[in-house]
Amino acid sequence: MSTDASTAAESAAEEADLAALRARVDDLEAQLAEVDADAGDGQRSMTIIATKGSLDMAYPPLILASTAAAFGWDVVVFHTFWGLDVLHEEKSENLQLSAVGNPSMPMPNALAALPGMDRLATRMMQKKIDENGTASIQELIDVSLESGVDLQACQMTMELMDYDDADMIDGVTTQVGAATALEHMADADVQLLV
Amino acid sequence: MATEYDVTTTLDVKGQSCPMPVVKTRQGVDDLAPGEVLEVLATDSGSVSDIAGWANSTDDVELLDQTEGADVYTHYVRKVE
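Respectively, the protein sequence lines represent chains A and B. Under my numbering, think of the first position of the first sequence as 1, with each following residue one higher. Under my numbering, think of the first position of the second sequence as 1001, with each following residue one higher.
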């Protein structure tokens, strides 16, 4: 009799354990499904902060952005400070190369600082770009916008530089700030500061 | 070099360099229906690695072949579902 009672108590305890375990498994499965839903669409994204406006430094963000868009990634390029010039309708067609402080230049800094040297360096680079079949900055901007890249212009620096929306290339996103950039960076698989 | 692929469209990016061969190939594939094949003619020697890498990590394309002729690299890309 006492043996029967203890067996019954044991099997009841086992069943309670099993029920608790099942509930725990259900709970974990639900959590896993949530994680999968958050991460599972395989959609990659990249956010680049572009801060430079010289002819050489305008290239890397636009090359990576247009290529990532070809990969089907969501791409945001947030342009701030001199990077804004790349999106400025007039200035972007006239980006310059700096001869001074550029260790790749085949001339010493004392020479590079002479008047007209930046223009000369820019002309040399432009000639190489044309000869090499390298895309122009305008072509890269066009192809980026066509393929859905979001080219953004930082509002604060636009005001600092006295640019307004009409100065910027059509299709550029304006009225955005650091919080917008951070929001995209937090969600992005790749974040770069150029 | 003769090809066994039924080419739907040919894209000529000869003379253009990185990133244009990949970017233009993407645009060319966008204009295809599933099953159709794009032939890409390029002179950029980096296009062999670039188009292979792009095709490898892009869901709706399949790289059928890459051939190297005299100064021209030919890529065959099929659009899949």
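Glycine residues also receive a C-beta, built at the ideal position from the N, C-alpha and C atoms.
Interface partners of residue i on chain A, CB under 9 Å
i: S1045 (chain B); result: Going along chain A, no residue has its Cβ under 9 Å from S1045 (chain B), so there is no contact; the nearest lies around 12 Å.
Length of the line joining the Cα atoms of residue i and residue j
i: A186 (chain A); j: G148 (chain A); result: 20 Å
i: A33 (chain A); j: A9 (chain A); result: 36 Å
i: D1060 (chain B); j: D189 (chain A); result: 21 Å
i: Y163 (chain A); j: V25 (chain A); result: 58 Å
i: Q152 (chain A); j: A20 (chain A); result: 52 Å
i: R1026 (chain B); j: D1012 (chain B); result: 13 Å
i: T122 (chain A); j: V1029 (chain B); result: 36 Å
i: V75 (chain A); j: L114 (chain A); result: 40 Å
i: G207 (chain A); j: Q43 (chain A); result: Residue 207 (chain A) falls outside the range modelled here, since chain A spans only 1 to 194, and no answer is possible.
i: T7 (chain A); j: E14 (chain A); result: 10 Å
i: T1009 (chain B); j: E1039 (chain B); result: 6 Å
i: D165 (chain A); j: F78 (chain A); result: 15 Å
i: N132 (chain A); j: E90 (chain A); result: 24 Å
Nonlocal neighbours in the same chain, by C-beta distance under 8 Å from residue i, ignoring five residues either side
i: L1064 (chain B); result: Y1005, V1037, Y1076, V1077 and R1078
i: E159 (chain A); result: none
i: C143 (chain A); result: A small correction: the amino acid at residue 143 (chain A) is Val; Cys does not occupy that position in the sequence shown. So the list reads S66 and A135, once near-sequence residues are dropped.
i: V1072 (chain B); result: K1014, L1041, A1042 and T1043
i: I141 (chain A); result: L62, V86, L87, S92, L151 and I169
i: V1022 (chain B); result: S1047, D1050, I1051 and W1054
Close beta carbons around residue i, own chain, < 6 Å, minus the five adjacent residues each side
i: G72 (chain A); result: none
i: C154 (chain A); result: T80
i: L192 (chain A); result: I48
i: D1031 (chain B); result: none
i: P60 (chain A); result: V194
Where residue i meets chain A, residues with beta-carbon distance less than 7 Å
i: T1058 (chain B); result: F71 and G72
Nonlocal neighbours in the same chain, by C-beta distance under 7 Å from residue i, ignoring five residues either side
i: M1001 (chain B); result: Residue placement at M1001 (chain B) is flagged as unreliable, the pLDDT there being 49, under the threshold of 50; a coordinate-derived value is accordingly withheld.
i: D118 (chain A); result: Q96, L97, S98 and A99
Residues that residue i contacts on chain A, provided the C-beta gap is smaller than 8 Å
i: Q1016 (chain B); result: G133 and A135
Beta-bridge pairing of residue i - partner residues as DSSP gives them
i: H79 (chain A); result: A:A50 and A:A153
i: M168 (chain A); result: A:H88
i: V1061 (chain B); result: B:K1079
i: E139 (chain A); result: DSSP lists no partner for E139 (chain A).
i: Y1073 (chain B); result: B:A1042 and B:E1068
Interface partners of residue i on chain B, CB under 8 Å
i: V86 (chain A); result: Those within 8 Å of V86 (chain A) in chain B number zero; the least Cβ separation is about 16 Å.
Chain-ordered neighbours of residue i on chain B, where CB pairs are closer than 9 Å
i: V143 (chain A); result: P1019, M1020, V1023, K1024 and Q1027
Residue i beta carbon near the ligand COA (any heavy atom closer than 7 Å)
i: V1061 (chain B); result: In the structure shown, the ligand COA is absent, as is every other ligand, since no ligand is present at all.
Near-chain B residues of the region 145-171 of chain A - C-beta to any C-beta below 9 Å: E146 and S147
Members of the region 49-81 of chain A that neighbour chain B once the beta carbon cut-off is set at 7 Å: I63, S66, T67, A70, F71 and G72
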